[in-house]
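The block underneath contains the structure these notes are about, expressed in structure tokens.
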Amino acid sequence: MGTLFVISGPSGVGKGTLVNLLMQDDKSLVLSVSCTTRRPRVGEVNGKSYFFISQEEFLKRKEENGFLEWDEHFGNYYGTPKSFVLEQLKTHSVILEIDVKGALQVREALKGSPVEPVLIMITPPSSQELINRLSGRNSESMTELLKRLKRVDYELSQKDAYDYVIVNDDLNEAKENLEKIIGSEKAKRRL
Ligand code: ADP
Ligand code: 5GP
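If you read the sequence shown in my numbering, its first letter stands for residue 5, the second for the next number, and so on.
And the structure:
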């Protein structure tokens, strides 16, 4: 059985960047692709960044208990496909890149099961740097950007609930810290 790693942190902190780097170096890890009802950003690929589905389809899957966890952010639904994650965990370690509420739901949902998720939060070196990164990404309108910034304090206030906190200041250093944590947690569980 693999280990389930749940990676969270405020929008723009660098989760996607770090996870991409990690996956390039460790081919044994499987990334869970979430479903969302939000529109794809330029460059996002269906099935790779997210499964972009309609609200109707999302609610149907939710009713069928198809999500390990789900949440609504910024007027859109996001959810982790349950059967994919549980199937992959039989043979691989799996990464979820989801928000704080979702991470806590995952921990709750798996209580009493053999899967003990490891929760890792990525934090920015400063609020100003987070704003710079989020606006520098140029992927959101001003309205979308402000919605994301409003959530930052809430996300960071939950960091004590996490098993590990990594400050993403220097990217390489943050990546190495993430690799160390993943390596030691996998070793504990022997996969
Ligand atoms: P998230 O997935 O958390 O929303 P992204 O991975 O999209 O964030 O990163 C947001 C922006 O910040 C991107 O433009 C990315 O290149 C940049 N970035 C990520 N990590 C760092 C870092 N350590 N130093 C400087 N810029 C970074
Ligand atoms: P974005 O729209 O910027 O891609 O993501 C917005 C927020 O949704 C981010 O905080 C991201 O971590 C979170 N998110 C992405 N996928 C999921 C998911 O499957 N479940 C939950 N709960 N949050 C998710």
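Every residue gets a Cβ at the ideal spot worked out from N, C-alpha and C, and that includes glycine.
If you're wondering where the values come from, they're calculated on a predicted model, not measured in any experiment.
Does DSSP put residue i in a helix, in a strand, or in coil?
| i | result |
| --- | --- |
| D197 | Summary: the structure shown does not reach residue 197, with the chain confined to residues 5 through 195, and so no result is reported for it. |
| T21 | helix |
| S12 | strand |
| M5 | coil |
Report buried or exposed for residue i, applying the criterion of at least 16 other Cβ atoms within 10 angstroms of its Cβ.
| i | result |
| --- | --- |
| D157 | exposed |
| S15 | buried |
| V110 | buried |
| L33 | buried |
| G47 | exposed |
| E76 | exposed |
| T95 | exposed |
| G6 | buried |
| N142 | exposed |
Nearest-angstrom Cα distance between residue i and residue j?
| i | j | result |
| --- | --- | --- |
| W74 | C39 | 9 angstroms |
| T41 | G51 | 13 angstroms |
| K1 | L138 | As shown, the chain starts at 5 and ends at 195. That puts residue 1 outside it, with no answer to give. |
| V200 | S36 | Residue 200 is absent from the model: the chain starts at 5 and stops at 195. |
| L195 | K115 | Residue placement at L195 cannot be trusted, given a pLDDT of 49 that sits under 50; what the coordinates show is reported in the next sentence. Their Cα atoms are separated by approximately 20 angstroms. |
| P118 | M146 | 43 angstroms |
| E196 | L26 | This structure gives no information on residue 196, because the portion of the chain shown stretches from 5 to 195. |
| V122 | S97 | 11 angstroms |
Segment contact flag, the stretch 45-65 with the stretch 117-129, C-beta cutoff 8 angstroms, min 3 pairs: no
Sufficient close CB pairs (3 or more, under 8 angstroms) joining the stretch 92-110 to the stretch 5-13: yes
Segments of 4+ residues assigned as alpha helix (DSSP H) that fall wholly inside the stretch 139-186: Restricting attention to alpha helix (DSSP H) runs no shorter than 4 residues, the stretch 139-186 encloses them at 146-154 and 156-161, ordered along the chain.
4-residue-minimum alpha helix (DSSP H) runs that sit fully inside the stretch 50-114, ordered along the chain: Within the stretch 50-114, the complete alpha helix (DSSP H) runs of at least 4 residues are 59-67, 86-92 and 104-113.
The stretch 15-25 / the stretch 165-175 touching (three or more Cβ pairs under 8 angstroms): yes
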